[in-house]
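Q: Once you've had a glance at the structure underneath, I'll fire off some questions.
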Amino acid sequence: MNKLPVRVRFAPSPTGPLHAGGVRTALYNYLFARQQGGQMLLRIEDTDQNRYVPGAEAYILEALEWLGITIDEGPQTGGPHAPYRQSERKEMYREYAERLVKEGKAYYAFDTAEDLDAMRKRLEEAKVAAVQYNAITRQEMKNSLTLSAEETQARLESGEPYVIRMKIMPKEDIRFNDLIRGWVVVHSSQIDDKVLLKSDGMPTYHLANIVDDHLMGITHVIRGEEWLPSAPLHVLLYRYLGWESTMPQFAHLPLLLKPDGNGKLSKRDADLGGFPIFPLEWTDPNTGDKARGFREEGYSPEATANFLALLGWNAGTEQEMFNMEQLIEAFSFERVHKAGARFDIQKANWFNQQYLKLQDDASIIEQVKPFFAAKGIAITDEQLVQIVHLLKDRVHFVKEIADESVFLFNAPQEYDQDVVLKKWNEEAVKAISAYKDALSAFEGDFVADNIKSVLSATMEAIGVKMGKVMQALRLAVTGAGAGPDLMVIMEILGKEEVLNRLNNSIDRLPAQIRLA
Numbered sequence: 008m009n010k011l012p013v014r015v016r017f018a019p020s021p022t023g024p025l026h027a028g029g030v031r032t033a034l035y036n037y038l039f040a041r042q043q044g045g046q047m048l049l050r051i052e053d054t055d056q057n058r059y060v061p062g063a064e065a066y067i068l069e070a071l072e073w074l075g076i077t078i079d080e081g082p083q084t085g086g087p088h089a090p091y092r093q094s095e096r097k098e099m100y101r102e103y104a105e106r107l108v109k110e111g112k113a114y115y116a117f118d119t120a121e122d123l124d125a126m127r128k129r130l131e132e133a134k135v136a137a138v139q140y141n142a143i144t145r146q147e148m149k150n151s152l153t154l155s156a157e158e159t160q161a162r163l164e165s166g167e168p169y170v171i172r173m174k175i176m177p178k179e180d181i182r183f184n185d186l187i188r189g190w191v192v193v194h195s196s197q198i199d200d201k202v203l204l205k206s207d208g209m210p211t212y213h214l215a216n217i218v219d220d221h222l223m224g225i226t227h228v229i230r231g232e233e234w235l236p237s238a239p240l241h242v243l244l245y246r247y248l249g250w251e252s253t254m255p256q257f258a259h260l261p262l263l264l265k266p267d268g269n270g271k272l273s274k275r276d277a278d279l280g281g282f283p284i285f286p287l288e289w290t291d292p293n294t295g296d297k298a299r300g301f302r303e304e305g306y307s308p309e310a311t312a313n314f315l316a317l318l319g320w321n322a323g324t325e326q327e328m329f330n331m332e333q334l335i336e337a338f339s340f341e342r343v344h345k346a347g348a349r350f351d352i353q354k355a356n357w358f359n360q361q362y363l364k365l366q367d368d369a370s371i372i373e374q375v376k377p378f379f380a381a382k383g384i385a386i387t388d389e390q391l392v393q394i395v396h397l398l399k400d401r402v403h404f405v406k407e408i409a410d411e412s413v414f415l416f417n418a419p420q421e422y423d424q425d426v427v428l429k430k431w432n433e434e435a436v437k438a439i440s441a442y443k444d445a446l447s448a449f450e451g452d453f454v455a456d457n458i459k460s461v462l463s464a465t466m467e468a469i470g471v472k473m474g475k476v477m478q479a480l481r482l483a484v485t486g487a488g489a490g491p492d493l494m495v496i497m498e499i500l501g502k503e504e505v506l507n508r509l510n511n512s513i514d515r516l517p518a519q520i521r522l523a
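Counting from 1 along the sequence shown, just add 7 to a position and that's the residue number in the numbering used here.
In structure tokens form, the structure reads like this:
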């Protein structure tokens with residue numbers, strides 16, 4: 008085990024919104040760093056300027072802050088290893104690439120796009136399994152291994168475009184011990200001579216992330232499974248640069264899978280399924296297209312973090328609800344799965360419901376006010392207290408409290424036909440008529456307990472069991488056959504409104520029976 012103080016990094020590329028897989032990677036880095044008393048860095052890997060998207064970096068920072076992931080060093084916070092944007096460290100990478108060339112571990116390649124296309128075509132026609140620029144094919148290309156030293160120098164001095172490629176030696180096994188997958192062994196014949204420095208002078212991911220991880224003292228590289236094929240190349244780079252003794256430990260996280268478990272989760276899956284896979288809403292600056300965000304869809308950051316943490320990891324117990332402190336305490340790589348994790352949005356909804364139940368009513372009231380305002384519903388604080396108390400345990404999202412309580416402000420215009428046919432009969436009309444008269448005569452406080460007592464006494468007086476009339480009574484008051492506590496609903500509505508609704512149902516529902 009590496010005995011240095013734990014230092015991890017989250018290193019996204021600012022090419023668009025932060026995918027749920029990226030958020031989970033950031034979260035696992037954060038949990039491990041905090042558990043070990045270490046530090047977490049944010050590094051923006053913007054070496055591919057062609058894919059840079061304005062606003063993406065700010066989005067990443069806002070998303071991490073929303074989820075409660077705090078950064079110790081990064082573009083906004085600064086730190087001893089600044090700058091933390093790779094585009095601002097450009098000249099540093101060239102120094103290491105040139106050093107590898109001098110030591111015979113890398114080389115200049117002057118091949119044009121046409122040269123590379125021709126090589127690929129030759130290999131494909133020869134039915135070569137792996138079309139690579141490697142120890143065999145490089146002998147037929149224009150590079151400093153096939154050109155004389157004089158010609159190579161002349162090309163460099165003339166300003167001819169070139170890249171620097173890593174020189175992979177054949178017949179060599181590369182080994183490393185992954186914290187999740189155990190020992191990984193790859194033969195060098197499976198690795199091509201990757202470009203380290205591009206013709207525009209910018210480094211590729213491979214060179215830049217190795218140099219930066221070393222210079223920034225990173226002890227653990229925790230990243231997605233998609234980087235596993237690149238790990239042997241990175242191990243070789245550490246070796247070539249003489250840094251193998253301080254090489255970080257690797258942990259490659261499992262993929263996030265589609266809801267049905269078949270294949271990697273994508274934005275298209277989210278669009279088709281109508282659910283978010285990004286932490287915040289994102290508007291594409293080029294097309295104007297919007298992508299859903301967990302925050303804007305009504306998920307709390309606590310529920311989102313809890314949901315994502317359990318996509319590929321568990322504590323080995325029955326516990327599912329974890330706040331951030333509990334996640335930090337419980338997290339371990341031993342409990343991270345190798346297999347992909349299915350993205351079950353219904354589970355995310357369940358988590359949000361549980362966290363909503365834990366919130367105090369006052370907090371929910373403030374959150375729900377704008378939703379009532381958007382519907383044009385004038386509502387008193389007293390009504391809000393009653394409605395939140397009535398509905399908070401029945402919904403998944405705060406906004407649903409406003410959606411589910413519209414019936415309180417609008418008397419039913421239609422009634423559930425299935426319930427009408429099954430429950431609205433002569434006995435129901437008799438019972439509801441009697442109850443209406445009893446409520447009209449009642450002069451006490453119109454609260455749930457009293458409303459229920461009047462109902463019980465009325466049913467007993469006319470010889471009708473409460474259970475036989477309850478669904479018909481709910482239908483008369485709300486138009487539906489199911490819902491939250493009916494007595495509380497009636498208390499919220501008030502005596503006058505309840506009597507009006509009971510009258511309406513008695514007047515209108517016989518006609519509906521005939522129509523049905």
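All C-beta atoms in this analysis are idealised placements derived from N, C-alpha and C, irrespective of residue type, glycine included.
Is residue 16 helix, strand or coil when you go by DSSP?
A: Residue state, collapsed to three classes: strand.
Q: When we look at the beta-carbon of residue 168 and count the other beta-carbons within 10 Å, is it buried (16 or more) or exposed?
A: With fewer than 16 Cβ atoms within 10 Å of its Cβ, residue 168 is classed as exposed.
Q: Counting pairs of Cβ atoms below 8 Å between the stretch 299-319 and the stretch 354-371, do you hit three or more?
A: Yes: the two stretches touch, three or more of their Cβ pairs being nearer than 8 Å.
Q: Check residue 23 in the structure and name its three-state DSSP category.
A: Correct three-state label for residue 23: coil.
Q: Measuring only the C-alpha atoms, how far is residue 212 from residue 54?
A: Approximately 7 Å, taken between the alpha carbons.
Q: Please classify residue 47: does DSSP put it in a helix, a strand, or coil?
A: Note: residue 47 maps to strand in three-state DSSP.
Q: Is it a yes or a no for the stretch 49-65 touching the stretch 19-28, going by three-plus beta-carbon pairs under 8 Å?
A: Judged by Cβ distances under 8 Å, the stretch 49-65 makes contact with the stretch 19-28, as three or more pairs qualify.
Q: Could you name the residues of the same chain whose beta carbon sits closer than 8 Å to that of residue 523, not counting the 5 residues immediately before and after it, in chain order?
A: Residue placement at residue 523 is poorly supported in this model, since its pLDDT is 43, which falls under 50; the coordinates still yield a value, given next. Excluding positions up to five away in sequence, the list reads 424, 427 and 428.
Q: Between the stretch 333-340 and the stretch 36-54, can you find at least three pairs of beta-carbon atoms closer than 8 Å?
A: Cβ pair count under 8 Å is three or more, so yes.
Q: So, at 8 Å on beta carbons, what are the nonlocal neighbours of residue 443 in its own chain, with the 5 sequence-adjacent residues on each side left out?
A: Excluding residues within five positions, the ones whose Cβ falls inside 8 Å are 506, 509, 510 and 513.
Q: Tell me the residue span of the alpha helix (DSSP H) that contains residue 280.
A: 274-280 is the span of the alpha helix (DSSP H), which, as asked, contains residue 280.
Q: Measuring straight from C-alpha to C-alpha, what distance separates residue 464 and residue 517?
A: Their Cα atoms are separated by approximately 26 Å.
Q: What does DSSP give as the partner residues of residue 256 in its beta bridges?
A: Partner(s): 227.
Q: Find out if the Cβ-Cβ distance for the pair residue 74, residue 311 is shorter than 8 Å.
A: Yes; because the gap between Cβ atoms is below 8 Å, this pair is in contact.
Q: Pick out whichever of 233, 152, 476 and 176 has its Cα sitting closest to the Cα of residue 345.
A: Residue 233 is the option with its Cα nearest to residue 345.
Q: In its own chain, which residues sit with a C-beta less than 7 Å from the C-beta of residue 274, not counting the 5 before and 5 after it?
A: Around residue 274: 284 and 298.
Q: Indicate the three-state DSSP secondary structure (helix, strand or coil) for residue 150 in the structure shown.
A: Residue 150: strand per DSSP, three-state reduction.
Q: Taking residue 176 as the reference, give the member of 186, 182 and 196 with the closest Cα.
A: The residue with the shortest Cα to Cα distance from residue 176 is 196.
Q: Assuming the contact rule is C-beta atoms closer than 8 Å, residue 93 and residue 51 should be a hit. Round their C-beta distance to whole Å, please.
A: Residue 93 to residue 51, Cβ: 7 Å. Contact.
Q: Do residue 350 and residue 266 have their C-beta atoms within less than 8 Å of each other?
A: Yes; because the gap between Cβ atoms is below 8 Å, this pair is in contact.
Q: Would residue 368 pass as a contact of residue 403 if the rule is Cβ separation under 8 Å?
A: No, they are not a contact pair.
Q: Measuring straight from C-alpha to C-alpha, what distance separates residue 482 and residue 388?
A: Whole-angstrom Cα-Cα distance: 27 Å.
Q: Which residue or residues does DSSP assign as beta-bridge partners of residue 290?
A: 297, per the DSSP bridge assignment.
Q: With which residues is residue 156 paired in a DSSP beta bridge?
A: Answer is none; residue 156 lacks a bridge partner.
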